[in-house]
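Q: Structure in C-alpha cells, see below.
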Amino acid sequence: MDSKPPKSVVKRDPEGTRRRILEAAKSQFAKFGLAGARTDAIAEVAGSNERMLYYYFGSKELLYVAVLEAMYADYAKKESELDLSGLEPRKAMAALATSIWAHLWDNPEWIGLINNENLHQGRYLKTSKKLSETISPVVDVVRSILVRGADVGQFRSGIDPLDFYVTVVGMGYYIASNRFTISAFTGRDYARQSDRAKIWEMHLEILGAYLHSTTLAAVR
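Once you know that position 72 of the sequence shown is 72 in UniProt numbering, the rest is easy, because the numbers rise by one and skip nothing.
So, in C-alpha cells, the structure goes:
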C-alpha cells in the first residue's frame, strides 16, 4: 500500500503579516484618507484577508491609529539616532534640521497622512497612548544641542526646545506639503533639488539668526 505524501507545512509569520498590513494600510490611507480607504483593498495589497486585518488590529480606525503610530515611531527613531555628538552645536542643529526636511520630501505618504489627520482635527492621534513616546526623543535631541550651544556661547539661552522643533518642522512641512500649489501660483518648483537647497539655506540662516540673537524679542 502506497504511503500518502506528507502534507506541506504552512509556515506562519504573524509579524510579517502584521507588517505587510501596516505597509499596505499606510499607502491606502495616504491616498484615500480614513474614509476612502477600504479594508478589502488593504488586505489584498498586503496579500492577506480582512479576517486577519481585524484579528491583528481590531477595526479600520485602530489600524489607522497603528499606521500613524508606526509612522511617527520610524521618524523619531531615524532622527534620534543621528550621530551629532561630534559636530559643533551650530553644525549639529543644521544637520538635524536638514535631516527633518529631507524626511518630509523622501516620505510623501507622511505628508498625506498628516494632512488627513489634520482634517480629523487630530482626533485619532489623541487616542494614541504611544505618541508622546515618539515625539520626546527628537525634542530631547534638540534640547541637547541647544544646551551644548549655550554652554559654549554659540546659542543664546532660554530657547524652548519644543517650540524650536515645531518651528523647524513647520519650515520644511509648508514647502513639502504645498509644493504643487506653490508651483502653480509662483512657477517655482521646489521639487527641484537646486531650488530646495536654496530655500533650505535661507531657512538655516533664519534659524541661525534666532539662535544667536538677543534682541529679537525687543523689536516685536
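For each residue, glycine too, the CB sits at the ideal point set by N, CA and C.
Keep in mind the model is a prediction, meaning the values are calculated, not measured.
Could you tell me if proline 5 is buried or exposed, where buried requires 16 or more neighbouring beta carbons within 10 angstroms of its beta carbon?
A: Its pLDDT being 48, under 50, proline 5 is placed unreliably by the model, and the measurement read from it follows with that caveat. Exposed.
Q: Leaving aside the five residues before and after threonine 98 along the sequence, list all residues of the same chain whose C-beta is less than 7 Å from its C-beta, in chain order.
A: Same-chain partners within the cutoff: Trp200.
Q: Buried or exposed: glutamate 117, going by 16 or more other Cβ atoms within 10 Å of its Cβ?
A: Per the 10 Å Cβ criterion, buried.
Q: Excluding the 5 residues flanking arginine 179 on each side, which residues of the same chain have their C-beta closer than 8 Å to its C-beta?
A: Only Asp189, Tyr190 and Ala191 meet the Cβ criterion.
Q: By the three-class DSSP mapping on this structure, what secondary structure does alanine 102 have?
A: In the structure shown, alanine 102 sits in a helix (DSSP, three-state: H, G or I).
Q: Extract the residue ranges of the alpha helix (DSSP H) inside the segment 150 to 182, only unbroken runs of 4 or more that lie entirely within it.
A: The segment 150 to 182 contains these whole alpha helix (DSSP H) runs: 161 to 177.
Q: Could you tell me which whole alpha helix (DSSP H) segments of length 4 or greater appear in the segment 99 to 144?
A: Runs found: 108 to 119.
Q: Keeping to the same chain, check which residues put their C-beta closer than 6 Å to that of threonine 134; ignore five residues upstream and five downstream.
A: Same-chain partners within the cutoff: Tyr72, Ala73 and Ala76.
Q: Can you check which of these residues, Thr186, Lys31 and Ala102, is closest to lysine 78 by C-alpha distance?
A: Selected option, being the one with the closest Cα: Ala102.
Q: What does the alpha-carbon distance come out to for the pair isoleucine 206 and histidine 212?
A: Their Cα atoms are separated by approximately 10 Å.
Q: Confirm, please, whether the CB-CB distance from leucine 68 to leucine 34 is below 8 Å.
A: Against a cut-off of 8 Å, the Cβ pair of leucine 68 and leucine 34 comes out as no contact.
Q: Just mark tyrosine 174 as buried or exposed, buried being the case when its beta carbon has 16 or more other beta carbons within 10 Å.
A: When all chains shown are included, tyrosine 174 counts as exposed.
Q: Measure the beta-carbon distance from leucine 87 to alanine 95 and round it to whole angstroms, keeping in mind my assumption that it falls under 8 Å.
A: Indeed, because the Cβ distance is near 6 Å, the residues count as touching under 8 Å.
Q: Rank Thr186, Ser183, Gln193 and Val138 by C-alpha distance to the C-alpha of valine 166 and give the top, closest one.
A: Of the candidates Thr186, Ser183, Gln193 and Val138, the one whose C-alpha sits nearest the C-alpha of valine 166 is Val138.
Q: Thinking C-alpha only, which one of Leu62, Ser48, Ala30 and His203 is nearest leucine 119?
A: Checking every option, the nearest Cα to that of leucine 119 belongs to Ala30.
Q: Assign valine 65 to buried or exposed, taking buried as 16 or more other Cβ atoms, counted over all protein chains shown, within 10 Å of its Cβ.
A: Buried, by the Cβ-count rule.
Q: Tell whether a beta-carbon distance below 8 Å holds between valine 147 and serine 80.
A: No, these two residues do not count as a Cβ contact at 8 Å.
Q: Enumerate, from N- to C-terminal direction, the unbroken beta strand (DSSP E) stretches of 3 or more residues contained entirely within the segment 30 to 104.
A: If we require 3 residues or more, the segment 30 to 104 turns out to have no beta strand (DSSP E) run fully inside it.
Q: Residues in the same chain with beta-carbon distance under 6 Å from alanine 43, minus the five sequence neighbours each way, listed in chain order, please.
A: Same-chain partners within the cutoff: Asn49, Glu50 and Leu53.
Q: Expressed to the nearest angstrom, what Euclidean distance is found between the alpha-carbon atoms of serine 128 and aspartate 195?
A: Taking the straight line from one Cα to the other gives about 37 Å.
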